[in-house]
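Trainee: I'd like to ask some things about the structure below.
2 protein chains.
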Amino acid sequence: MCITLNGLSSSTPWQPWLEELRAGDVRALARAISVVENHAPGWQELLKGLFPHTGRARILGLTGAPGAGKSTLVDQLARHYRKAGRSLGIIAVDPSSPYTGGAILGDRIRMQEHFADAGIYIRSMATRGSLGGLAQTTSDVAAVLDASGRDMVLIETVGVGQDEVDIVRLAETTIVILVPGMGDDVQSIKAGIMEIADIFVINKSDHEGAERVEREIRSMQSLAPRSDGWTPPVVKTIASQGAGIAELAGAVEQYEEYLRREDRLLQRKSQNWRLRLLEMLRDTVMERVQRQLSESELARYAEEIAQHRRDPYSLVEELTGRAAHT
Amino acid sequence: MCITLNGLSSSTPWQPWLEELRAGDVRALARAISVVENHAPGWQELLKGLFPHTGRARILGLTGAPGAGKSTLVDQLARHYRKAGRSLGIIAVDPSSPYTGGAILGDRIRMQEHFADAGIYIRSMATRGSLGGLAQTTSDVAAVLDASGRDMVLIETVGVGQDEVDIVRLAETTIVILVPGMGDDVQSIKAGIMEIADIFVINKSDHEGAERVEREIRSMQSLAPRSDGWTPPVVKTIASQGAGIAELAGAVEQYEEYLRREDRLLQRKSQNWRLRLLEMLRDTVMERVQRQLSESELARYAEEIAQHRRDPYSLVEELTGRAAHT
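Pasting the structure below:
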């Protein structure tokens with residue numbers, strides 16, 4: 057049987073690989089993640105095979121503004137779960153510049169401090185500038201970790217914009233991390249990220265202004281309560297000292313219990329899958345469209361449009377084979 | 057001839073409407089923008105008809121972190137251009153929550169202080185939660201304003217994430233507004249927005265820390281110079297006092313001159329159209345896919361997947377009519 061690092065040949069049965077993966081083989085896990093992340097040949101077959109084995113892991117999404125101490129918090133939370141005997145996968149998502157394919161400023165890829173501990177598997181991901189797809193791929197990688205038997209999957213990213221909303225909302229429990237003394241008030245943070253939070257964390261809570269952030273969150277919550285009846289708790293932490301971590305884990309459990317109790321877990325998963333399905337459909341058809349259009353053709357059309365020698369709307373109709381739409 | 061507020065009937069020639077629009081009729085302009093923004097029937101025909109008349113307006117994109125005073129700055133810049141005899145369109149883009157279809161927090165839609173001045177036309181836009189498309193629609197609305205004869209189109213949005221990059225990079229000149237004392241360093245602002253800036257503005261430059269922000273920008277620029285040889289200038293303003301506005305307008309002119317001199321305007325427009333074309337293709341095929349899938353079917357599939365009764369990958373293949381892809 058031949059499984060290359062680049063994927064599966066069409067004649068290769070993936071079943072043995074799948075068994076290695078589910079048995080906890082870390083090299084099989086790493087290879088599966090690479091295949092899925094890069095859409096290497098066989099990636100969809102792999103995911104189809106894994107899918108029935110997903111649904112067991114607890115999936116948490118965590119994000120926060122830069123400077124919120126999110127990495128430290130995730131580390132501490134991971135240690136907490138390890139002490140409780142859980143195995144983890146951590147996906148660190150780094151939406152990078154579309155122009156360079158990599159982060160120019162700063163370093164958000166956290167070194168594997170846990171590298172000696174096989175109970176934690178960490179994977180860093182970046183966009184490489186492709187049109188969309190990162191949230192999809194993150195979700196697919198989480199599915200691989202789930203199917204491999206990891207008890208928990210932590211998806212962490214940095215930022216509080218729409219990209220991050222898209223990444224963390226596919227988790228079951230979404231945690232948004234704020235800090236006191238942010239340059240802008242809580243109100244200025246976009247509605248999107250505030251609405252998807254199931255739990256708020258105020259990290260660096262020993263700093264001045266922590267009470268104010270909490271008050272602002274509470275006041276937002278009374279102005280605009282969630283339609284599902286859950287009021288996201290506010291957990292204060294000092295991640296650098298390990299303070300508040302057990303409370304955070306407790307809040308996660310409470311939310312999961314709430315989801316189970318109200319049968320909302322299925323609702324939440326259905327909502328997530330509805331969004332994902334639309335996005336998967338879009339990505340699939342888009343891949344097909346792009347395959348039919350070479351880069352040089354695309355560049356030529358773009359230049360013709362820029363010179364007003366061609367109008368883009370007619371071109372799109374032509375390329376998608378559609379009749380004029382009125 | 058019947059032109060309803062909802063669009064064009066298929067038997068309606070749009071030519072007279074187009075002429076009214078180009079003659080400066082504001083009601084025709086407002087209607088055209090509505091048709092284009094809402095994809096009302098006839099929207100693509102309208103854009104095809106307008107396209108040959110675009111390319112004359114100077115299009116500026118402006119964004120900055122919340123609290124940077126961007127609205128005040130845009131107002132002042134608009135007054136400056138009005139005094140110089142230019143007519144303007146201003147598109148205020150407000151990426152809203154995908155869950156509620158409107159901004160819950162704060163109020164970013166600036167009141168029409170200029171409402172008595174027909175030389176400035178202001179339009180506010182929000183996402184209404186649709187999958188993508190806001191940058192596209194913003195660009196289409198800019199095209200309508202361009203074709204209507206406005207000398208300048210200002211596209212303003214708030215935020216420094218990927219959404220905002222997508223919106224402002226389609227302008228010819230992109231202006232990124234920073235302020236001193238931002239909660240996070242310049243370095244923590246994502247690479248994407250720093251790279252697309254053609255001009256940096258440090259607003260509230262009388263505040264402490266302005267020099268430091270400028271130093272950080274300069275140091276980034278020496279670490280990672282632009283490949284096209286343009287070094288974005290740093291303009292200091294105090295928008296609330298109208299200070300630095302003429303300098304900003306001067307920097308815009310310098311950049312436009314640079315684009316013309318190096319024949320880079322065509323290159324820039326071609327690059328923009330390449331990206332736009334891909335996105336237009338994606339949106340068009342996606343609209344088609346969604347039309348073939350009713351909401352109740354989608355919800356049913358989503359629930360089946362959440363219950364593991366169906367795998368999403370096979371479903372997507374089935375729905376897009378594709379053979380298994382390896």
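Same order as they appear, the protein sequences are chains A and B. Position 193, counted from 1, in the first sequence is what the working numbering calls 249; the numbers after and before it change by one each time, with no gaps. Position 304, counted from 1, in the second sequence is what the working numbering calls 360; the numbers after and before it change by one each time, with no gaps. Yeah, the Cβ is synthetic: ideal placement off N, Cα and C, and Gly gets one too. A quick note: this is a predicted structure, and the numbers were derived from the prediction, not measured.
In angstroms, rounded to a whole number, what distance separates the CA positions of residue 277/A and residue 377/A?
Mentor: Here residue 277/A corresponds to residue number 221 of the first sequence, with the count starting at 1. Here residue 377/A corresponds to residue number 321 of the first sequence, with the count starting at 1. If you take the alpha carbons of residue 277/A and residue 377/A, they lie about 48 Å apart.
Trainee: Contact defined as beta carbons within less than 8 Å: I believe residue 364/A pairs with residue 111/B. What is the distance between those atoms, to the nearest angstrom?
Mentor: If you number the first sequence from 1, residue 364/A lands on position 308. If you number the second sequence from 1, residue 111/B lands on position 55. Rounded to the nearest angstrom, the Cβ distance from residue 364/A to residue 111/B is 6 Å, consistent with a contact under 8 Å.
Trainee: Report the rounded CA-to-CA distance for residue 127/B versus residue 223/B, giving the unit in angstroms.
Mentor: Taking the second sequence and counting its residues from 1, one reaches residue 127/B at position 71. Taking the second sequence and counting its residues from 1, one reaches residue 223/B at position 167. Roughly 16 Å separates the two Cα atoms.
Trainee: Please list the segments of the beta strand (DSSP E) lying wholly inside the region 290 to 316 of chain A, counting only runs of 3 or more residues, in order along the chain.
Mentor: 290 to 292
Trainee: Give the interface partners of residue 104/A over in chain B, defined as CB-CB distance under 8 Å, in chain order.
Mentor: Within the first sequence, the letter at position 48 stands for residue 104/A. Result: 367, 369, 370.
Trainee: Quick check: the region 68 to 87 of chain A against the region 293 to 302 of chain A, are at least 3 beta-carbon pairs closer than 8 Å?
Mentor: Between the region 293 to 302 of chain A and the region 68 to 87 of chain A, the count of C-beta pairs closer than 8 Å stays below three; the two stretches do not touch.
Trainee: Please decide whether residue 292/B counts as near chain A, where near means a Cβ-Cβ distance under 8 Å.
Mentor: Here residue 292/B refers to the residue found at position 236 when the second sequence is read from its first residue. No - not a single Cβ of chain A is within 8 Å of the one on residue 292/B.
Trainee: Considering only residues of the same chain and omitting the five flanking positions on each side of residue 319/B, which have a CB-CB separation below 6 Å?
Mentor: Here residue 319/B is taken as the residue at index 263 of the second sequence, counted from 1. Correct list: empty, nothing qualifies.
Trainee: State the start and end residues of the unbroken beta strand (DSSP E) segment that holds residue 209/A.
Mentor: In the first sequence, residue 209/A corresponds to position 153, counting from 1. Residues 208 to 213.
Trainee: Where DSSP assigns a beta bridge to residue 279/B, which residues make up the other side?
Mentor: Here residue 279/B is taken as the residue at index 223 of the second sequence, counted from 1. Per DSSP, none; premise fails for residue 279/B.
Trainee: Relative to chain A, which residues along the region 274 to 307 of chain B have a C-beta separation below 8 Å, given in chain order?
Mentor: 276, 279, 280
Trainee: Residue ranges of each alpha helix (DSSP H) run of no fewer than 4 residues wholly in the region 96 to 131 of chain B, ordered along the chain?
Mentor: 99 to 106
Trainee: Starting from residue 336/A, find everything on chain B with Cβ-Cβ shorter than 9 Å and list it in chain order.
Mentor: Locating residue 336/A in the first sequence gives position 280, where the first residue counts as 1. Per Cβ cutoff of 9 Å: 368, 369, 371, 372.
Trainee: Please list, in chain order, the residues of the region 96 to 129 of chain A that have any C-beta partner in chain B closer than 8 Å.
Mentor: 97, 98, 100, 101, 103, 104, 107, 108, 110, 111, 121, 122, 123
Trainee: Looking at C-alpha atoms only, which residue of 119/A, 90/A, 341/A, 133/A is the closest neighbour of residue 217/A?
Mentor: Looking up residue 217/A in the first sequence gives position 161. The shortest C-alpha separation from residue 217/A is found at 119/A.
Trainee: Taking residue 325/B as the query, report the chain A residues whose CB atoms sit under 9 Å from its CB, ordered along the chain.
Mentor: For the purposes of this step, residue 325/B is identified with residue 269 of the second sequence, where counting begins at 1. The contacting residues are 358, 359, 361, 362, 363.
Trainee: Residue 327/B to residue 361/A, Cα distance in whole Å?
Mentor: On the second sequence, residue 327/B is found 271 positions in, with the first residue counted as 1. On the first sequence, residue 361/A is found 305 positions in, with the first residue counted as 1. Their Cα atoms are separated by approximately 11 Å.
Trainee: Quick one: does residue 181/A have its CB under 8 Å from some CB of chain B?
Mentor: The residue given as residue 181/A occupies position 125 in the first sequence. Answer no: the Cβ-Cβ gap between residue 181/A and chain B never drops below 8 Å.
Trainee: Per DSSP, what are the beta-bridge partners of residue 231/A in this structure?
Mentor: As a working note, residue 231/A is residue 175 in the first sequence. 118/A, 255/A, per the DSSP bridge assignment.
Trainee: Can you confirm whether residue 83/A, when its beta carbon is compared against all beta carbons of chain B, has any partner nearer than 8 Å?
Mentor: Taking the first sequence and counting its residues from 1, one reaches residue 83/A at position 27. Output row for residue 83/A: interface = no.
Trainee: Hey, how far is the Cα of residue 308/A from the Cα of residue 233/A?
Mentor: Counting from 1 along the first sequence, the entry for residue 308/A is found at position 252. Counting from 1 along the first sequence, the entry for residue 233/A is found at position 177. For residue 308/A and residue 233/A, the distance between alpha carbons rounds to 14 Å.
Trainee: DSSP three-state label for residue 179/B, please.
Mentor: The count along the second sequence starts at 1 and reaches residue 179/B at position 123. Residue state, collapsed to three classes: strand.
Trainee: Going by alpha carbons, who is nearest to residue 375/A out of 339/B, 305/B, 248/B, 206/B?
Mentor: For the purposes of this step, residue 375/A is identified with residue 319 of the first sequence, where counting begins at 1. When each option's Cα is compared against that of residue 375/A, the closest is 339/B.
Trainee: Measure the alpha-carbon distance for residue 371/A versus residue 337/B and round it to whole angstroms.
Mentor: To locate residue 371/A, count along the first sequence from 1; it is residue 315. To locate residue 337/B, count along the second sequence from 1; it is residue 281. Whole-angstrom Cα-Cα distance: 9 Å.
Trainee: Does the CB of residue 71/B have a neighbour CB from chain A at under 8 Å?
Mentor: For this step, residue 71/B is matched to residue 15 along the second sequence. So no, residue 71/B is outside the interface.
Trainee: Within its chain, find whatever has a CB closer than 6 Å to the CB of residue 201/A; leave out the 5 residues flanking it on each side and keep chain order.
Mentor: Numbered from its first residue, the first sequence carries residue 201/A at position 145. Closer than 6 Å at Cβ, skipping near neighbours: 145, 209.
Trainee: Tell me whether residue 287/A is buried or exposed, calling it buried when 16 or more other Cβ atoms sit within 10 Å of its Cβ.
Mentor: Translated into positions along the first sequence, residue 287/A becomes position 231. Exposed, since its Cβ has fewer than 16 Cβ neighbours within 10 Å.
Trainee: If we cut at 8 Å on Cβ distances, does residue 215/B have a partner in chain A?
Mentor: One-based indexing of the second sequence puts residue 215/B at position 159. Output row for residue 215/B: interface = yes.
Trainee: Alpha carbon to alpha carbon, how far is residue 181/A from residue 333/A? Give it in angstroms, no decimals.
Mentor: Here residue 333/A corresponds to residue number 277 of the first sequence, with the count starting at 1. Here residue 181/A corresponds to residue number 125 of the first sequence, with the count starting at 1. Here the alpha carbons of residue 181/A and residue 333/A stand approximately 22 Å from one another.
Trainee: Could you compute how far the alpha carbon of residue 168/A sits from the alpha carbon of residue 103/B?
Mentor: On the first sequence, residue 168/A is found 112 positions in, with the first residue counted as 1. On the second sequence, residue 103/B is found 47 positions in, with the first residue counted as 1. Because residue 168/A carries a pLDDT of 43, less than 50, the predicted location of this residue cannot be relied on, and the following value inherits that uncertainty. Looking at the two C-alpha atoms, the distance is approximately 52 Å.
Trainee: Comparing alpha-carbon positions, which option in 195/A, 346/A, 314/A, 304/A lies nearest residue 132/A?
Mentor: Locating residue 132/A in the first sequence gives position 76, counting from the first residue. Nearest neighbour of residue 132/A by Cα position, chosen from 195/A, 346/A, 314/A, 304/A, turns out to be 304/A.
Trainee: Alpha carbon to alpha carbon, how far is residue 214/A from residue 122/B? Give it in angstroms, no decimals.
Mentor: Position 66 of the second sequence, counting from 1, holds the residue named residue 122/B. Position 158 of the first sequence, counting from 1, holds the residue named residue 214/A. C-alpha separation (whole angstroms): 17 Å.
Trainee: Using a Cβ-Cβ cut-off of 8 Å, state whether residue 310/B counts as contacting chain A.
Mentor: Your numbering for residue 310/B matches position 254 in the second sequence. Taking Cβ atoms only, chain A never reaches closer than 8 Å to residue 310/B, which makes this a no.
Trainee: Relative to the alpha-carbon of residue 366/A, which residue among 95/B, 96/B, 105/B has its alpha-carbon at the smallest distance?
Mentor: Translated into positions along the first sequence, residue 366/A becomes position 310. For residue 366/A, the nearest C-alpha among the options comes from 105/B.
Trainee: Which residues in the same chain have their Cβ closer than 6 Å to the Cβ of residue 74/A, if we skip the five residues on either side of it in sequence?
Mentor: By one-based count along the first sequence, residue 74/A stands at place 18. Counting only Cβ-Cβ distances below 6 Å, and skipping sequence neighbours, we find 105.
Trainee: With distances taken from CA atoms, which of 345/B, 78/B, 148/B, 72/B is nearest residue 205/B?
Mentor: In the second sequence, the residue the question calls residue 205/B occupies position 149. Checked all of 345/B, 78/B, 148/B, 72/B; the closest Cα to residue 205/B is 78/B.
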